[in-house]
Amino acid sequence: MSSAPEQPHASHSYETLKVSRVREKVFHVELNRPDKRNAMNAVFWREMVACFNKIAQDSECHAVVVSGAGKLFTAGIDLMEMGSVFVMVEGDDTARKAWNLRKKIREYQESFTVLERCPKPVIAAVHGACIGGGVDLISACDIRYCTQDAWFQIKEVDIGLAADVGTLQRLPRIVGNQSLVNELAFTARKMMAPEAESSGLVSRVFQDKQAMLEGAFELAADIAGKSPVAVQGTKVNLIYSRDHSVPEGLRYMATWNMSMLQTEDLMKSAQAALEKKSPKDVMYSKM
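Be aware that the sequence shown starts at 1, since it is given in the working numbering, and climbs by one per residue.
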């Protein structure tokens, strides 16, 4: 099935990101510095927060696909630009510099945490290299697809630091293999697409970028066609349960659904099932 032309989204105008509507209620966010290998500069970190905070509140979007423009997903942090940010930290003494540096790191962490906090499911579509900050980014996404030529690298130890914007916290929970994560983080070796799939980092591998994007858009459209109350509530509770005990997760779920079960979506979906209709045939209210 061929893709419909992408429609640039008028309310989303950025230097480092390109936002378009690719299906009904499906947005496509591209890392858009192809001439710089989609390296993450200072503008990028700010725009990610602005973009996904806006998407989180947009009732016309129910699912998002994130990809990279050009030959690869991302080369990670823009060392030429960002190196000076950490070297030139202001402060009258070491303690004050440390506090200011911590504030800056927390700001960068927010640039990917915003993906996780966005109630709309976010699908990462990776082709070519996904290096350093790219692994941090996709670790905060809900679903990950890649091409057969994709590779992943926790590069930070090779440039003299520990990954600090999410990989070390999220990746072990994704792949469920602490030994493997430790190996990748300590050595900065490349993980190729077959290993990424077998370890659970990605759920599908495609022959090329076009096939992958088509698959990601179709998946997003399938998700977007379901009840937003159900889908967004599922994401919120999956993330909460990941970070809490089973009893805590069950209590949170019960509290969540004591209101959400009163949605009209439940009756509409049940009626559609009785009539042997698809959820996409149901007219759910905006959310």
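For glycine and all other residues, C-beta sits at the position ideal for the given N, C-alpha and C.
*Taking alanine 63 as the reference, give the member of Ser241, Gln232, Thr255 with the closest Cα.*
Numbered from 1 along the sequence shown, position 63 holds the residue referred to as residue 63. Checked all of Ser241, Gln232, Thr255; the closest Cα to alanine 63 is Gln232.
*Verify the CB distance criterion: does proline 172 have a CB-CB separation below 8 Å to chain B?*
Protein chains in the displayed structure number just one, and chain B is not present.
*Taking the CB atoms as reference points, tell me whether phenylalanine 52 and threonine 16 lie closer together than 8 Å.*
Locating residue 52 in the sequence shown gives position 52, where the first residue counts as 1. Locating residue 16 in the sequence shown gives position 16, where the first residue counts as 1. No. Outside cutoff.
_Close-in-space but distant-in-sequence residues of the same chain around threonine 167 (CB under 7 Å, 5 per side omitted)_ = Walking along the sequence shown from the start, residue 167 turns up at place 167. Only Val135, Asp136, Ser139, Ile154 meet the Cβ criterion.
*State whether the segment 97-113 contacts the segment 204-221, with contact taken as three or more CB pairs (one from each stretch) at a distance under 8 Å.*
no
_Cβ neighbours of alanine 114 in the same chain (closer than 7 Å, five flanking residues each side left out)_ = Sequence index remark: in the sequence shown, residue 114 carries index 114 (1-based). Alanine is not the amino acid found at residue 114; the sequence shown has valine there. Closer than 7 Å at Cβ, skipping near neighbours: Met48, Val49, Phe52, Asn53.
*Quick one: grab the DSSP three-state call for tyrosine 145.*
Translated into the one-based positions of the sequence shown, residue 145 becomes position 145. In the structure shown, tyrosine 145 sits in a strand (DSSP, three-state: E or B).
*asked:* Which of the three DSSP states is assigned to threonine 255 in this structure?
replied: Position 255 of the sequence shown, counted from the start, is the residue given in the question as residue 255. Helix, per DSSP.
_Distance CB(leucine 201)-CB(isoleucine 123) smaller than 8 Å_ = As a first step, residue 201 is located in the sequence shown; it is residue number 201 there, counting from the start. As a first step, residue 123 is located in the sequence shown; it is residue number 123 there, counting from the start. Their beta carbons are not under 8 Å apart, which means leucine 201 does not touch isoleucine 123 by this criterion.
*Taking 8 Å as the threshold, find out whether the segment 181-201 comes into contact with the segment 222-236 through three or more Cβ pairs.*
no
*Nearest to glutamate 6 (by Cα), restricted to the options Phe27, Tyr284, His244*: For the purposes of this step, residue 6 is identified with residue 6 of the sequence shown, where counting begins at 1. Closest option to glutamate 6, Cα to Cα, is Phe27.
*Closest to cysteine 118 by CA distance: which of Gln57, Met80, Ser278, Glu24 is it?*
Along the sequence shown, one-based indexing puts residue 118 at 118. When only C-alpha atoms are compared, the closest one is Gln57.
*asked:* In this structure, how does DSSP classify cysteine 51 when only helix, strand and coil are distinguished?
replied: As a working mapping, residue 51 is identified with position 51 in the sequence shown. Looking at cysteine 51 - three-state DSSP - the assignment turns out to be helix.
*From leucine 238 to asparagine 182, what distance separates their C-alpha atoms?*
Position 238 of the sequence shown holds residue 238. Position 182 of the sequence shown holds residue 182. Answer to the nearest angstrom: the Cα atoms are 25 Å apart.
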